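Letter 85 of the sequence shown, counting from 1, is numbered 85 in this note's numbering, and no numbers are missing.
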Amino acid sequence: MSEPAANLKINGDRLWDSLMEMAKIGPGIAGGNNRQTLTDADAQGRSLFQSWCDAEGLSMGIDQMGTMFAMRAGTDSDALPVYVGSHLDTQPTGGKYDGVLGVLGGLEIIRTLNEMDIKTRHPIVIVNWTNEEGTRFAPPMLASGVFAGMHSQDWAYARKDAEGKFFGDELKRIGWCGDEVVGSRKMHAFFELHIEQGPILEAEGFDIGVVTHGQGLNWIQVTLTGRESHTGSTPMPMRKNAGLGMARITELVHKIAMENQPQAVGAIGQCNVYPNSRNIIPGKVVFTIDFRSPSFDTQDRMEVALTKGANEIASELGLEIEMEKVGHFDPVTFNKDCVHAIQKASDRLGYSSKEIISGAGHDACWINRSAPTAMIMCPCVDGLSHNEAEDITKDWSTAGANVLFHAVIETAGIVD
Ligand code: HGY
Ligand code: MN
Ligand code: MN
């Protein structure tokens, strides 16, 4: 299969302009985005993406989880498509590039192919996966998880947000529930471009991250139940303080992660205290622990230590404890041929690159179970992400999209 010429490049300015255009939808309060899944802002972002796909003559398919598939035909209609994409939904205080770079990077590939009238043997499909972030509706990568057969669609539809709204109802409400059966599509390969969301590439001066593996994740939701009582008149020995239990388990989570360095991270990002009154001892707290590691053994070891330690804390403080796993995926090893295509593309284009393990989870982590998959990363400023100050440079986005371009069209086969 002929290799793309090194001077074959995408239009970095056009990609940047589209990133800035999409960033206007669901603006945050500090320069980033709040375009959470299945909100009206998400619907607006989808419509803008749809209009751009229409302008390129792509045929759009939408499945029953709302995932969008925009296809550019290949010369061989029997050849399985090469898929490329990520997600347009954001965190509540998210950045402009997390996920969006991967979807619009895919669009830029199509715009460049159309502009240059280059044909590929395999069709190329851009994907916008629904609910990658998993903030409003846990777990993360929900639609790609259903696509890969990890969750049932009914289970996904029954996920509830903090206001008690159901995923399925919200998907129908915004009008983006398609009729395609989820997972019915077969892929020749899947490539995802994403910002690193960590400090390594920028700190070490690399343009490109060639992602060989992804960390595994465990989200454990803990409910501690004590007894609401007066913060002033209740003697200390009589208290059943659920808030104190959460504080000690927070410390335990950090201790377990530090005891498993360098292959572990752990934190609590979401917590709700009830009744959350200044002068009532918390009778109940609900919080989610996020443990991650590239090693199966470390993941298991951390979970065992957490279960033991959390139960000891609850017993000592006279609290009831419930622990429920609300998110999980195993550590991932990406497809060697796809990783090699990315490495070759980066070398051909003259970029500096480093093999890297993804710290964050991505739709590619699930799709890797059903099709040859790999990821490309670009640096981000100070490694910051899941923060409205998330930032990248135009050069980084252009380099990442160029590598994506070469990996995708070499895999799809350029037709001379
Ligand atoms: O949580 C994650 O790793 C992803 O950003 N949703
Ligand atoms: Mn992401
Ligand atoms: Mn994210």
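Heads up, the beta-carbon is just placed ideally off N, CA and C, and yes, glycines get one too. None of the values given here were measured: they were computed from a predicted structure.
Chain-order list of residues whose beta-carbon lies under 6 Å from that of residue i (same chain, five-residue window excluded)
i, result
"R136", "Q36, T37 and D161"
"K255", "none"
"A257", "A264, V265 and G266"
"R292", "Q215, L217 and V265"
"R229", "Correcting the residue identity first, residue 229 is Ser in this sequence and not Arg. The residues are I281."
"I376", "L193, I342, G400, V403 and L404"
"V146", "M65, Q153, A156 and V182"
"M323", "I220 and V222"
"A79", "R121 and H122"
heavy atom of ligand 3 below 7 Å from residue i C-beta
i, result
"H386", "yes"
"A360", "yes"
"Q91", "yes"
Simplified DSSP state of residue i, which is helix, strand or coil
i, result
"E285", "First, the residue type needs correcting, since residue 285 is Val and not Glu in the sequence shown. Here V285 sits in strand by DSSP."
"R14", "helix"
"G269", "strand"
"T393", "coil"
"D416", "coil"
"Q299", "helix"
"R292", "strand"
"F405", "helix"
"E192", "strand"
8 Å contact criterion, which residue i and residue j should meet: CB distance rounded
i, j, result
"P237", "S295", "Not a contact, Cβ separation roughly 42 Å."
"Y274", "P282", "6 Å"
"G105", "A401", "4 Å"
"Y157", "I392", "Not really, about 35 Å apart at Cβ, beyond 8 Å."
"A345", "E410", "7 Å"
"I313", "G245", "6 Å"
"M65", "T130", "5 Å"
"Q91", "H386", "5 Å"
"W366", "A148", "4 Å"
"I321", "I118", "Incorrect: roughly 59 Å between the Cβ atoms, too far for contact."
Any non-hydrogen atom of ligand 1 within 7 Å of residue i CB
i, result
"E132", "yes"
"G198", "no"
"P331", "no"
"P140", "yes"
Sequence-distant residues of its chain with Cβ nearer than 7 Å to residue i (five each side left out)
i, result
"V339", "V210, T212 and A374"
"G102", "G85, S86, E192, L193 and H194"
"G198", "G359 and G383"
"P4", "H406, I409, E410 and I414"
Beta-carbon proximity list for residue i, same chain, < 8 Å, skipping 5 on both sides
i, result
"R278", "T231"
"L48", "E21, M22 and I25"
"D76", "R121 and H122"
"T234", "I281"
"T307", "M323"
"E388", "G28, I29, A30, G31, G32, N33, T93, G94 and G95"
"A203", "G383"
Any non-hydrogen atom of ligand 2 within 7 Å of residue i CB
i, result
"D98", "yes"
"H254", "no"
"H194", "yes"
"H328", "no"
"H151", "no"
"H213", "no"
"H478", "Outside the modelled stretch of the chain, which goes from 1 to 416, sits residue 478, for which no answer is possible."
Inset, instruction - Let me know the beta strand (DSSP E) ranges lying completely inside the region 303-391, each 3 residues or longer, listed in chain order. - result: You should have 320-329, 353-358 and 373-378.
Inset, instruction - With a floor of 4 residues, list each alpha helix (DSSP H) that falls wholly inside the region 18-80, ordered by position along the chain. - result: Within the region 18-80, the complete alpha helix (DSSP H) segments at least 4 residues long are 40-55, listed from N- to C-terminus.
Inset, instruction - List in chain order: all unbroken alpha helix (DSSP H) runs of 4+ residues lying wholly within the region 129-182. - result: Those alpha helix (DSSP H) runs which fall completely within the region 129-182 and span 4+ residues are 142-147, 153-157 and 167-173.
Legend entry - Whole beta strand (DSSP E) elements within the region 79-130, 3-residue minimum: Listed in chain order, they are 82-86 and 124-128.
Inset, instruction - Any chance you could list the alpha helix (DSSP H) runs of at least 4 consecutive residues sitting entirely within the region 193-240, in chain order? - result: 200-204, all fully within the region 193-240.
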